[in-house]
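In this text, residue positions in the sequence shown follow the working numbering: the first is 247, and each later residue adds one. Positions of the beta carbon are idealized from the N, C-alpha and C atoms, including for glycine. Source: prediction; values computed, not measured. Please read the structure below before turning to the comments.
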Amino acid sequence: MRIIPLIIAIAVSAFMYFFIIERDRLLAFAATDSTEEETTAIEDEASDASKDDVNNNVVRVVALKSQARVIDSAVVVRGETEAERQIDVMAETSGQVISEPLRKGAFVEAGQMLCEIDPGTRGASLAEAKARLAEARAGVPSAAARVEEANARLEEARINDNAAEKLSAGGFASDTRVAATQASVRAAEATVAAALSGLESAQAAIQSAEAGVAAAQKEIDRLTVSAPFAGLLETDTAEFGSLLQSNGPNGAHCATIIELDPIKLVGFVPETEVSRVSVGALSGARLASGQEVSGQVTFLSRAADPATRTFRVEIAVPNPDLTIRDGQTAEIIIGSEGAQAHLVPQSALTLNDEGQLGVRIVTEAKEAKFMPVTVQRDTIDGIWISGLPEQADVIVIGQEYVITGVPVEASYQEHNE
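The following block contains the structure:
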C-alpha cells in the first residue's frame with residue numbers, strides 16, 4: 247500500500263472540512279489582521295485631514311518660472327509654385343506654316359521666331375498698295391497747279407471788276423459792264439474752290455494709299471510669330487505644313503511659353519493673419535520634393551476671396567537653373583515682426599469651462615489662475631505661447647485639479663532649454 251496518496255487524500259479532506267463546515271470561524275480569524283490595518287489607515291487619514299484643515303486645503307502643484315522672450319514670428323500657409331508668366335502665342339493671320347517646329351521643353355529667347363507662315367499673294371498686295379501711293383502722290387502737283395491757276399484768274403477778275411466800278415462812277419462805263427465783271431469774279435472764286443477741293447482729294451488719296459501700304463506691310467509682318475519673352479516651350483510649335491486659321495478673335499495657336507525665372511510662390515493668408523504680412527517680407531518655403539527655397543513677398547491682395555475669405559500672397563523666388571516647376575505644392579513661411587512669448591511644455595496647456603485654450607499660473611497671492619493664451623510656434627523643446635505677463639509661474643503638474651482662486655503650494659522645476 248502506497249502512503250503518499252493516502253496523505254494527500256487526508257489533507258484534501260481536512261481542507262474541504264474547514265472551507266465548508268468551519269467557514270465562518272476561518273473568515274473571522276482572517277478578518278482580525280485586516281481590521282487592525284483598516285484601523286491604522288483610518289487613523290492616518292484622520293491625521294492627514296487634520297493637517298489639511300490646518301493648511302486651509304492648499305493643493306500642491308509643480309510650476310515653472312517662465313520669462314518672456316522675443317521670438318521670430320511667422321505666418322505659415324500652404325500654396326503652390328506658379329510661373330511668372332505663361333502665354334499662348336497666337337498667329338494673327340491665316341496661312342500654311344513653312345517653318346520647322348520647335349519641340350516642347352526647348353528654351354527660346356525673346357524675339358526668336360516660333361512660326362513662319364507662307365506669304366502667298368501678300369507681296370503682290372504690298373506692291374499694288376505702293377503703286378497706288380505713288381499715283382496719289384503724282385496727282386498732288388497738278389491739283390496744286392490748278393489751285394494756283396484759279397487764284398490768278400480770281401485776281402484778274404477782281405482787277406477788272408474794280409476798274410469797271412470806277413469807270414461807271416465817272417460815267418465812262420455802263421452798268422452792264424460792271425455786272426459782267428462781277429460775274430467773272432464769282433466764277434473765278436468758284437474755280438478756286440473747285441481747285442482746292444481737288445487738292446484736298448489728292449491729299450486724301452495719298453493718305454488712303456499710305457494706309458493701304460501700312461496694312462499690306464503689317465500683314466507681311468504677321469507672317470513671322472516670335473517669342474514675346476525668354477522662356478520654355480510648354481508645347482510644340484505648329485507643325486510644318488499645318489494650316490493656321492485666325493478666324494477667332496484670339497488668332498491661331500502657335501505655341502505656349504512659360505517663364506520660370508523668377509518663379510512665384512502663391513498662397514492664401516487667412517484674414518486673422520493678413521495684418522502680419524507685408525510686401526517685401528522675407529519668406530521661405532519647403533516644396534513637396536523636400537527642396538527649400540527663399541524669396542520676398544511681392545504682392546498681397548487687398549480684396550479677399552469671396553468664397554474662402556483669404557488673401558492671395560505672391561513671393562518671388564530666384565530660379566536660374568529652372569529646377570522648380572510650375573504647380574509644385576509648397577509649405578510657405580512668411581516672416582513677420584517678433585513677439586513676446588513663453589516656452590512651456592505642451593502638457594501645460596488646458597481648457598477652461600468655456601473651452602478657451604490656456605494655462606494656469608500661480609499668482610502672488612499663492613492662488614491658481616487661468617490665463618488664455620495664443621500658440622505662436624510648436625517646437626521639439628516645447629510650445630511658444632503669448633498672452634501671459636512678462637514673468638509667470640506656469641503650473642505644469644496639477645493644473646487639471648485646480649481652478650481660479652484655489653490656494654496652491656508650488657514646488658518649482660528647472661527650465662529645460
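Query raised in the report: Any idea if L252 is buried or exposed, counting beta-carbon neighbours within 10 angstroms, 16 or more meaning buried?
Result: L252 should be labelled exposed.
Query - Beta bridge counterpart(s) of R532 as assigned by DSSP - result: R532 is bridged by DSSP to E538, E577.
Query - Completely contained beta strand (DSSP E) runs for the segment 543-567, where each covers 3 or more residues - result: Every beta strand (DSSP E) stretch that sits fully inside the segment 543-567 and reaches 3 residues is listed by chain position as 556-563.
Report task. Answer yes if the segment 429-436 comes into contact with the segment 381-388, meaning at least three C-beta pairs across the two stretches below 8 angstroms, and no otherwise. Result -> Output reads no: the segment 429-436 does not touch the segment 381-388.
Query raised in the report: Rounded to a whole number of angstroms, what is the C-alpha to C-alpha distance between G601 and T481?
Result: Separation of G601 and T481 (C-alpha to C-alpha, rounded to the nearest whole angstrom) is 55 angstroms.
Query raised in the report: Just checking my contact of M332 with I363 at CB under 8 angstroms: how many whole Å lie between their CB atoms?
Result: Just to set this straight, residue 332 is Gln in the shown sequence, not Met. About 24 angstroms separates the two Cβ atoms, so there is no contact after all.
Query raised in the report: Bridge partners of Q637, per DSSP?
Result: According to DSSP, which records beta bridges pairwise, Q637 is partnered with Q313.
Query raised in the report: Leaving out the 5 sequence neighbours to the left and right, which residues in its chain are closer than 6 angstroms to L568 when beta-carbon positions are compared?
Result: A distance below 6 angstroms between beta-carbons, with the five flanking residues on each side excluded, links L568 to the following residues of its chain, in chain order: L506.
Query raised in the report: What span of residues does the alpha helix (DSSP H) with V343 cover, start to end?
Result: In this chain, V343 is not harboured by any alpha helix (DSSP H), its DSSP state being neither H nor E.
Query raised in the report: Helix or strand or just coil, what does DSSP make of R623?
Result: Three-state result, R623: strand.
Report task. Helix, strand or coil for L479, going by three-state DSSP, please let me know. Result -> Reduced to three states, the DSSP call for L479 is strand.
Report task. Please name the residue, chosen from K612, S540, P552, V608, that lies closest to E577 on a Cα-to-Cα basis. Result -> It is S540 whose Cα lies nearest to the Cα of E577.
Requested in this report: For E289, collect the residues of the same chain with a Cβ closer than 6 angstroms to its Cβ; drop the 5 residues on either side in sequence, then sort them by chain order.
Outcome: Residue placement at E289 is flagged as unreliable, the pLDDT there being 44, under the threshold of 50; a coordinate-derived value is accordingly withheld.
Query raised in the report: Does DSSP put P365 in a helix, in a strand, or in coil?
Result: If DSSP states are grouped into helix, strand and coil, P365 belongs with coil.
Query raised in the report: Expressed to the nearest angstrom, what Euclidean distance is found between the alpha-carbon atoms of R548 and F557?
Result: One C-alpha to the other measures close to 7 angstroms.
Query raised in the report: Could you give the distance in angstroms between the alpha-carbon of P618 and the alpha-carbon of G513?
Result: Whole-angstrom Cα-Cα distance: 30 angstroms.
**Report entry** C-alpha distance - G628 paired with R324, whole-angstrom precision
**Finding:** The alpha-carbon separation between G628 and R324 amounts to approximately 23 angstroms.
Requested in this report: Could you spell out the range, first to last residue, of the beta strand (DSSP E) harbouring Q659?
Outcome: Counting along the chain, the beta strand (DSSP E) containing Q659 begins and ends at 654-659.
**Report entry** Limits of the beta strand (DSSP E) - the one that R606 falls within
**Finding:** First-last of the beta strand (DSSP E) with R606: 603-608.
Query - the segment 447-467 contacting the segment 398-416, beta-carbon criterion three pairs below 8 angstroms - result: The segment 447-467 vs the segment 398-416: no contact.
Query raised in the report: What is the C-beta distance between R522 and V321, in whole angstroms, given that I count them as a contact (C-beta under 8 angstroms)?
Result: Taking C-beta atoms under 8 angstroms as the contact rule, R522 and V321 qualify, at a distance of about 5 angstroms.
Query raised in the report: Which of helix, strand or coil does DSSP assign to G444?
Result: Shown here, G444 sits in a helix according to DSSP, grouped into three states.
Query raised in the report: Within this structure, are the beta carbons of E330 and P508 separated by less than 8 angstroms?
Result: Closer than 8 angstroms, so yes.
Query raised in the report: Whose C-alpha, out of E446, G487, A531, G526, is nearest the C-alpha of A389?
Result: It is E446 whose Cα lies nearest to the Cα of A389.
Query raised in the report: Any idea which residues DSSP pairs D467 with across the strands?
Result: According to DSSP, D467 bridges with nothing at all.
Query raised in the report: Around the C-beta of S488, are 16 or more other C-beta atoms found within 10 angstroms, so that it is buried, or is it exposed?
Result: Exposed: under 16 other Cβ atoms inside 10 Å.
Query - For K615, the first and last residue of its enclosing beta strand (DSSP E) - result: Counting along the chain, the beta strand (DSSP E) containing K615 begins and ends at 614-618.
Requested in this report: Return helix, strand or coil for T596, following the three-state DSSP convention.
Outcome: Three-state DSSP puts T596 in a strand.
Query raised in the report: Do the segment 335-355 and the segment 609-617 touch if we need at least three Cβ pairs shorter than 8 angstroms?
Result: Taking 8 angstroms as the limit for Cβ pairs, the verdict is that the segment 609-617 does not touch the segment 335-355.
**Report entry** T569, enclosing beta strand (DSSP E) - first and last residue
**Finding:** Bounds of any beta strand (DSSP E) do not take in T569, whose DSSP letter is neither H nor E.
Report task. Identify which residue in T620, D334, S492 has its Cα closest to the Cα of A585. Result -> Of T620, D334, S492, the smallest CA-CA separation from A585 is found for T620.
Query - Through-space distance from E646 to A553, alpha-carbon basis - result: Take the alpha-carbon of A553 and the one of E646: they are about 40 angstroms apart.
Report task. List the DSSP bridge partners of D334. Result -> The partner list for D334 (beta bridge, DSSP) reads T502.
**Report entry** Rounded straight-line distance, which links the Cα of Q491 to that of G530
**Finding:** Straight across, the Cα-Cα distance linking G530 with Q491 is about 45 angstroms.
Requested in this report: Can you grab the Cα-Cα spacing for the pair N397 / A403, in whole Å?
Outcome: Their backbone Cα atoms lie some 10 angstroms apart in a straight line.
Report task. For F486, I'd like the list of residues in its chain whose CB is within less than 8 angstroms of its CB, leaving aside the five on either flank, ordered along the chain. Result -> Counting only Cβ-Cβ distances below 8 angstroms, and skipping sequence neighbours, we find V343, I344, S345, E346, P347.
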